[in-house]
Amino acid sequence: MLCKLRCNKFRQPEIRFKPGLNVVLGDAEATNSIGKSTLLMIVDFVFGGNDLLKLNTDIITELGDHSYQFCFEFDHKKYFFSRHTNKSKTVYVCDKYYNELYAISLEEYTHKLKKLYKIPNECLTFRSIVSLFARIWQRENLDVSRPLHLSPARKSIECVDFALKIFNTFDGIAQLSEKLKILKDEKSQIKSAFDASIVPKITKTKYNQNSAELTDITSKMDHIQENLEKYAINVNSLLSEKTVELKEAKDHLLNELERQSVRLKRIDRDLSQNRHLASISFEPVVELFPEINVKKLQKIEQFHFQISEILSDDLSNERSELLEATEVLKDELQEINEEIEKQIRLEKHAAPKPIAEAIFSRALELFKKDQKLQSENSFYERNSFINEQIKRTKKDYTDEKSYSLELVEAAINTCIDTLVDTIYGPKRQRPFLDLSESKYSYATVEDTGTGKAYMNLVLFDLAMFKLTNLPLLIHDSLLFKNIENNGVSGVIPFYEDDEKQSFVSIDEIEKYGQATEKKLLENCILKLSNASVLFTRDWRKS
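In terms of our numbering, the sequence shown is residues 62 to 603.
Written as structure tokens, this is what we have:
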């Protein structure tokens, strides 16, 4: 809770608050412009509001920029802060002497307050919860017939949703709303595809025609595959036989080349030996046998040479023939290798080129048509599914929201009935809140008086204060001025909730009776008058 509020511009330097009702008292003459509404606006400023700087510009003009220091207490632990008028987007965390330690953003600060107050509402920020219920002079939330409107510009559906959120009944609705948004986005994407002619938009009749044609295409594709497999088996058999024949021919050529190679090696060896014989010298023989007949030896050798010449010519001719035959064999081997490679490629493709191309062309044609029809039907099915889901989700959304609205409406109206019965008795007319999906109304049937209207606003806020996690309530004196005295006397006790805090400004308290006067005095945290205004400077006369 808020414990203390300090400012060096206050006439009373420190204001202390307590649980339950906190009253800012005016004087018996109901003197205006003494600071009652301003203090309530400062309290709202302490809770993260900004209207003080927007609506009370005279404060800055007269007092200059200044700061407010304040203290909260939660679970017996105190938290100290300060906020400057010229740095309103920042809040300073302080020590217990209000020395500023470090700065945090206003958003961080209000988030911290939400945690400290243990407010579970995930759909609402701290300010969105408390701001509506700070009913202070000059603020835009004083329309007695529209108590859920923070400002006239706020849409009624936002106000209805706020009521659901503050009662923690909006989560399921939010999920359905998000689901509906996603579905509508997808529907928009499909429509864009239709509009851009990426895929044609078809009718139910065309969808059925496509389905029948797809069945026919599947049958034709199966037929092609079945016959192609049979044909491929026959072709592969023939191709395999041809390949075996070519490999046998290749082996024969390789064997023949091997034989030719052996013969060439033998001829080359013989030719080498003949050349050796032609170069024999008789000098070593003469040295050993001086009496030997050299001429006779030369004749014999001449004969041998002649024989060798003849043999060499024959061998050379045979060698040339073998080389020529070897080249022919190599050429034949190259041709067979090329033929074998060709056969292997044919085996892979299975069918001769013209037949394969025809089969492939037909299969491709059917495949493309299948894909086109599948795409058309797929988009039709998806579009139909999305439309059905949107229809169903809209119904679920409406049902869920209607059910939640009934619960919230019943809770508020029941609480208001209890308040009216306690304050006025069972015969008194009471206001009725009517919530629908996108709008609401709040009024008392056959009673449009000003006093009754302001009382209705007070009753609405007190019901919300009692039923929800709303941590505080701020009511300015203008509300009570328009309510009959016995009504004010009857309603004051309901501000006394020791687990929460209410901040009320009121004057002329004597007219509400001794019991009410006593209660207001007991809960007074500041008394203002014509002679004792809020600030040290009084600029009413300047």
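Beta carbons: idealized from backbone N, C-alpha and C, even for Gly.
Note that the structure is a prediction, hence the values are computed from the model and not measured.
Close Cβ partners of residue i (< 7 Å) along its chain, the five nearest in sequence each way excluded
{"i": "N117", "result": "T99, M102"}
{"i": "R601", "result": "S94"}
{"i": "I197", "result": "S98, L101, M102, D105, I535, D537"}
{"i": "Y515", "result": "V205, L540, N543, I544"}
{"i": "D478", "result": "R491"}
{"i": "Y268", "result": "N438, Y441"}
{"i": "S593", "result": "R72"}
{"i": "L299", "result": "With a pLDDT of 47 at L299, under the threshold of 50, the predicted position of this residue should be treated as unreliable, though the coordinate-derived value follows. Within the same chain, L299 has no close Cβ partners at all."}
{"i": "F223", "result": "L209"}
{"i": "E583", "result": "none"}
{"i": "L124", "result": "K70, F596, R598"}
Terminal residues of the beta strand (DSSP E) in which residue i lies
{"i": "N83", "result": "81 to 86"}
{"i": "F564", "result": "562 to 567"}
{"i": "I165", "result": "161 to 166"}
{"i": "Q134", "result": "For the sequence presented, residue 134 should be read as Glu rather than Gln. 128 to 135 is the span of the beta strand (DSSP E), which, as asked, contains E134."}
{"i": "F493", "result": "493 to 496"}
{"i": "I535", "result": "533 to 536"}
{"i": "K115", "result": "Per DSSP, K115 belongs to no beta strand (DSSP E); it is in the alpha helix (DSSP H), 112 to 116."}
{"i": "V154", "result": "151 to 155"}
Endpoints, alpha helix (DSSP H) assigned at residue i
{"i": "S217", "result": "217 to 227"}
{"i": "L528", "result": "511 to 528"}
{"i": "I243", "result": "232 to 256"}
{"i": "V260", "result": "Taken as a continuous stretch (DSSP letters only), V260 belongs to no alpha helix (DSSP H), as it is neither H nor E."}
{"i": "I607", "result": "This structure cannot speak to residue 607, because the chain is shown only from 62 to 603."}
{"i": "I103", "result": "97 to 107"}
{"i": "A576", "result": "575 to 583"}
{"i": "V191", "result": "187 to 191"}
Proximity winner among the options, relative to residue i (alpha-carbon distances)
{"i": "T529", "options": "K455, H536, A472, A310", "result": "A472"}
{"i": "V389", "options": "R491, L318, T454, R324", "result": "L318"}
{"i": "I397", "options": "L193, K308, R330, Y556", "result": "K308"}
{"i": "C64", "options": "F223, S381, D136", "result": "D136"}
{"i": "N378", "options": "Y458, F421, I328, P532", "result": "I328"}
{"i": "Y163", "options": "T171, V154, E169", "result": "V154"}
{"i": "R324", "options": "T387, S593, K513", "result": "T387"}
{"i": "A254", "options": "S436, C476, K527", "result": "S436"}
{"i": "D112", "options": "V481, A195, T483", "result": "A195"}
{"i": "P532", "options": "N517, E557, I553", "result": "E557"}
{"i": "N474", "options": "I401, F521, L114", "result": "F521"}
{"i": "G110", "options": "L480, T171, Q250", "result": "T171"}
{"i": "L595", "options": "K216, I120, P554", "result": "I120"}
{"i": "N229", "options": "I451, F493, I180", "result": "I180"}
{"i": "K262", "options": "R443, K456, E90, G574", "result": "R443"}
Cβ-Cβ distance between residue i and residue j below 8 Å
{"i": "E461", "j": "I234", "result": "yes"}
{"i": "N202", "j": "L193", "result": "yes"}
{"i": "V107", "j": "Y129", "result": "yes"}
{"i": "T577", "j": "S550", "result": "yes"}
{"i": "I570", "j": "L581", "result": "yes"}
{"i": "L66", "j": "F131", "result": "yes"}
{"i": "L427", "j": "K281", "result": "yes"}
{"i": "I285", "j": "R423", "result": "yes"}
{"i": "L114", "j": "T146", "result": "yes"}
{"i": "I278", "j": "K430", "result": "yes"}
{"i": "L86", "j": "C476", "result": "no"}
{"i": "D568", "j": "D126", "result": "no"}
{"i": "V519", "j": "V552", "result": "yes"}
{"i": "I451", "j": "K245", "result": "yes"}
Close Cβ partners of residue i (< 8 Å) along its chain, the five nearest in sequence each way excluded
{"i": "L225", "result": "F231, I234, K462, S465, L466, V469"}
{"i": "T597", "result": "K70, F71, R72"}
{"i": "L34", "result": "The structure shown does not extend to residue 34, since the chain is modelled only from 62 to 603, so the question has no answer here."}
{"i": "S322", "result": "T387"}
{"i": "L12", "result": "Residue 12 lies beyond the range of the chain shown here (62 to 603); nothing can be said about it."}
{"i": "K310", "result": "With the sequence shown as reference, residue 310 is identified as Ala, and Lys is not the correct amino acid for it. If we look at A310 and ignore the five residues flanking it on each side, its Cβ neighbours are I397."}
{"i": "E75", "result": "K65, L66, R67"}
{"i": "L177", "result": "F133, F135, Y140"}
{"i": "Y458", "result": "I234, L237, S238, L241"}
{"i": "E399", "result": "none"}
{"i": "S525", "result": "The question names Ser, but residue 525 in the sequence shown is Met. The answer, listed in chain order, is F194, I227, I473, L531."}
{"i": "D495", "result": "E470, Y501, S502, Y503"}
Nonlocal neighbours in the same chain, by C-beta distance under 6 Å from residue i, ignoring five residues either side
{"i": "C68", "result": "Y129"}
{"i": "N591", "result": "T92"}
{"i": "D599", "result": "none"}
Are the segment 546 to 562 and the segment 77 to 85 touching, with three or more C-beta to C-beta distances below 8 Å? yes
Contact between the segment 441 to 451 and the segment 487 to 497 is defined here as three or more beta-carbon pairs at a separation below 8 Å; is this criterion met? no
Is it the case that the segment 226 to 240 contacts the segment 127 to 144, given that we only count it when at least three CB pairs across the two stretches are under 8 Å? no
Are at least three pairs of beta-carbons, each pair with one atom in the segment 262 to 281 and one in the segment 457 to 472, less than 8 Å apart? no
Between the segment 492 to 504 and the segment 179 to 193, do at least 3 Cβ pairs fall closer than 8 Å? no
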